[in-house]
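Novice: To get this note's numbering, take the position in the sequence shown, counting from 1, and add 23.
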Amino acid sequence: MVKWEMKQAGSEVSVDPFRIRQVIFNLLSNALRHTPEGGKISIKTLSDGKEITVLIEDTGDGLSPDEAASVFNRFYRADKSRSRETGGTGLGLSIVKAIIEAHGGRVKAQSDGKGLGSTFSFSIPC
């Protein structure tokens, strides 16, 4: 297995580069799909020496508390009006969760509510 070194503020973590690229692609794709033209998407990395955290923040649709708790479930779609053709299969975020958990990490979705944007993050131990 090829390992990719992510370095942040003196912290280092070994990851499978193909899978972590897949995680970032899925999270960015969701942010792009749910952020209107003129909105903002940002990527941040943090480290506390114990884990590295990647945050993808957007100014898009936002999530209710129930949606934030469910988005990583298989086949879940926050926007029920989206079809498979317009909104994906509902598997992307469950794949994200599985990959990050296979790396010993965790995922999180946060939002202050509908229309207030979202932050999706994953953390991997150093």
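Where a beta carbon is used, it is the ideal one built from N, C-alpha and C, also for glycine.
These numbers were taken from a predicted model, which means no experiment stands behind them.
#1: So, are the CB atoms of Q45 and A91 less than 8 Å apart?
#2: Note down, in chain order, each residue of its chain lying with its Cβ closer than 6 Å to the Cβ of K26, except the 5 sequence neighbours on either side.
#3: Note down, in chain order, each residue of its chain lying with its Cβ closer than 6 Å to the Cβ of L78, except the 5 sequence neighbours on either side.
#4: Following the continuous beta strand (DSSP E) through R97, name the residue where it begins and the one where it ends.
#5: On the DSSP bridge list, what partners appear for L78?
#6: Cβ of A92 less than 8 Å from any chain D Cβ?
#7: Here's the rule: buried if 16 or more other CB atoms are within 10 angstroms of the residue's CB, otherwise exposed. What is K73?
#8: In chain order, what residues of the same chain lie with their CB nearer than 7 Å to the CB of T58, ignoring the 5 residues before and after it?
#9: Nearest by alpha-carbon distance to L51: which of G136, I122, S146, G115 is it?
#10: In three-state DSSP terms, what is S87?
#11: Short of 7 Å in beta carbon distance, which residues of its chain neighbour G136, apart from the five on each side in sequence? Order them along the chain.
Specialist: Looking at the atomic coordinates:
#1: no
#2: Note that K26 scores a pLDDT of 46, beneath 50, so its modelled location is shaky and nothing firm can be said.
#3: K67, T142, S144
#4: Unbroken run through R97: none, as it is neither H nor E.
#5: K67, S144
#6: Absent here is chain D; the protein component of the structure consists of one chain.
#7: exposed
#8: I64, D81, T82, G83
#9: G115
#10: coil
#11: G85, S87
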